[in-house]
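Using my numbering, the letters of the sequence shown map in sequence onto residues 1 to 134.
The beta carbon of each residue, even a glycine, is placed where N, CA and C say it ideally should be.
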Amino acid sequence: MTIIERIADEIARIFPKATIYTENQADGFNEPSFFIEKIDTSSAPEMFDRQYRKYAYQVIYFPDPDNPKTDMEQVEDYLLSGLLELKDYAPLRHIQVTQQEDNTLIYQFEIWGRFYPDKDEVKFNNEEVKGRLK
């Protein structure tokens with residue numbers, strides 16, 4: 001299961017009747033709805049072939065056009081109370097919420113973790129070395 005699928009599952013748990021998009025829509029988004037996208041990924045090597053990774057995501061909420069400010073405020077409260085971790089995976093860190101002038105609510109966060117990537121090891125065979133050691 002991808003991280004975006006995990007985020008969608010958590011949003012569906014909080015808002016069971018919500019429309020949730022994980023891809024851009026050519027015809028635009030229905031309102032109200034959520035759109036989930038990855039912003040950034042960073043990775044740093046650690047000892048013992050581990051990697052420390054940070055994934056940044058944002059959930060964009062498109063509110064009810066009839067009362068967008070009230071709707072965004074309610075959804076913000078629900079997200080701040082209910083979307084704090086991905087169940088059985090990781091907590092959300094550096095949560096930041098912004099209400100945009102274009103009547104969208106942006107819920108940004110990071111997911112941190114240590115990973116052990118598969119490595120295709122290069123093994124040394126009987127190699128002939130031309131030269132000599134001093």
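Assigned secondary structure, residue i (DSSP; H/G/I helix, E/B strand, else coil)
| i | result |
| --- | --- |
| Trp70 | Position check: residue 70 holds Thr in this sequence, whereas Trp was assumed. Note: Thr70 maps to helix in three-state DSSP. |
| Phe62 | strand |
| Leu79 | helix |
| Ala199 | Here the chain comprises residues numbered 1 to 134, so residue 199 is not present and cannot be evaluated. |
| Tyr89 | coil |
Span of the beta strand (DSSP E) around residue i
| i | result |
| --- | --- |
| Asp135 | For residue 135 there is no data in the structure shown, the boundaries of the chain being 1 and 134. |
| Glu110 | Leu105 to Phe115 |
| Arg135 | For residue 135 there is no data in the structure shown, the boundaries of the chain being 1 and 134. |
Pair within 8 Å by beta-carbon distance, residue i and residue j
| i | j | result |
| --- | --- | --- |
| Leu83 | Arg6 | no |
| Gln74 | Pro117 | no |
| Tyr57 | Ile39 | yes |
| Phe34 | Ile3 | no |
| Val59 | Tyr107 | yes |
| Pro65 | Glu101 | no |
Boundaries of the alpha helix (DSSP H) in which residue i is found, first to last residue
| i | result |
| --- | --- |
| Arg50 | Element bounds for Arg50: n/a, residue is neither H nor E. |
| Ala12 | Ile3 to Ile14 |
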